[in-house]
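*Asks:* Dropping the structure in here first, questions after.
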Amino acid sequence: MNKRQVYWGLGIGISLTGLGFLIFHRRKELTDAVEQVEQKAGEVRQKLEGWLKPLAAKISSPFGYRTNPVTKEKQFHNGIDLPVPVGTSVKSPMDGVVENVYFNSLGGNQLIVKHSNGFSTGYAHLTKALVKKGDKIKKGQSLALSGNTGRSTGPHVHFTMKDAKGNYLDPAKVLYSIS
3 MNKRQVYWGL
13 GIGISLTGLG
23 FLIFHRRKEL
33 TDAVEQVEQK
43 AGEVRQKLEG
53 WLKPLAAKIS
63 SPFGYRTNPV
73 TKEKQFHNGI
83 DLPVPVGTSV
93 KSPMDGVVEN
103 VYFNSLGGNQ
113 LIVKHSNGFS
123 TGYAHLTKAL
133 VKKGDKIKKG
143 QSLALSGNTG
153 RSTGPHVHFT
163 MKDAKGNYLD
173 PAKVLYSIS
């Protein structure tokens, strides 16, 4: 073997060793990241254990980016839409305190509940609220009656969830996926 072949062999060997090292460490980083996500999902599921669904309904419009049915523009939908007849009772999924009851032109009659584990839930397009700001509420208590107020294409409840840090969560994945 001449020097050139030896150097090429060493270069390739060192390169492959370095590449193997990078792949091993990158794989470990990815594995660690997946474990962190799974742990966080487990924590969220644990905090939501025992929660009730506020309405028994099939989701008509999911969480995430969508074409707004009224404006026809692509935009972020921060909750899920649950179509039910006007006047359907909306139940509290967990104990908490009513943080706000209000009206605006987009969501119509709305209310927000802060739950004992730091999560919060929101409800929009209501006919009327049955609670007021500051009320302590119990799991299963009727909060409001569904409606068609604000910018809406039909009777439904727009349902949102936020974690303790104020990040929107997909209710279809974290609450409506729990049997």
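If you read the sequence shown in the numbering used here, its first letter stands for residue 3, the second for the next number, and so on.
Glycine included, every Cβ here is placed at the ideal spot set by N, Cα and C.
I need the straight-line Cα distance from A166 to G156, nearest angstrom please.
*Replies:* Approximately 31 Å, taken between the alpha carbons.
*Asks:* Less than 7 Å between the C-beta atoms of R152 and G110, yes or no?
*Replies:* Here residue 152 turns out to be Gly, not Arg, going by the sequence shown. Yes, they are a contact pair.
*Asks:* For K5, is the classification buried or exposed, using 16 other Cβ atoms within 10 angstroms of its Cβ as the cut-off for buried?
*Replies:* Classification of K5: exposed, given that the 10 Å Cβ count is below 16.
*Asks:* Does the region 70 to 80 touch the region 89 to 99, meaning 3 or more C-beta pairs lie closer than 8 Å?
*Replies:* No, the region 89 to 99 is not in contact with the region 70 to 80.
*Asks:* Helix, strand or coil, according to DSSP, for V86 in the structure here?
*Replies:* Note: V86 maps to coil in three-state DSSP.
*Asks:* Please identify the residue among N80, E51, Y67 whose C-alpha is closest to the C-alpha of L177.
*Replies:* Comparing Cα-Cα distances from L177 to each of N80, E51, Y67, the minimum goes to E51.
*Asks:* Using three-state DSSP, classify I16 as helix, strand or coil.
*Replies:* Looking at I16 - three-state DSSP - the assignment turns out to be helix.
*Asks:* So if DSSP puts Y67 in a beta bridge, which residue, or which two residues, is it bridged to?
*Replies:* Y67 pairs with F78.
*Asks:* Measuring straight from C-alpha to C-alpha, what distance separates I146 and V133?
*Replies:* For the record, residue 146 in the displayed sequence is Ala; it is not Ile. C-alpha separation (whole angstroms): 7 Å.
*Asks:* Once you ignore the five residues that flank F78 on each side, which residues in its own chain have a CB closer than 6 Å to its CB?
*Replies:* Cβ neighbours of F78 beyond the five flanking positions: Y67.
*Asks:* Throw me the rounded Cβ distance for the F161 and T123 pair, which I believe falls under 8 Å.
*Replies:* So it is a contact: roughly 7 Å between Cβ atoms.
*Asks:* Nearest chain D C-beta to A59 closer than 7 Å, yes or no?
*Replies:* You won't find chain D in this structure, because it holds only one protein chain.
*Asks:* When you compare only the Cα positions, how much space is there between S62 and G136?
*Replies:* Each residue's alpha carbon lies about 31 Å from the other.
*Asks:* Secondary structure at V176, three-state DSSP: helix, strand or coil?
*Replies:* Three-state DSSP puts V176 in a helix.
*Asks:* Where DSSP assigns a beta bridge to M163, which residues make up the other side?
*Replies:* Paired residues: T123, L171.
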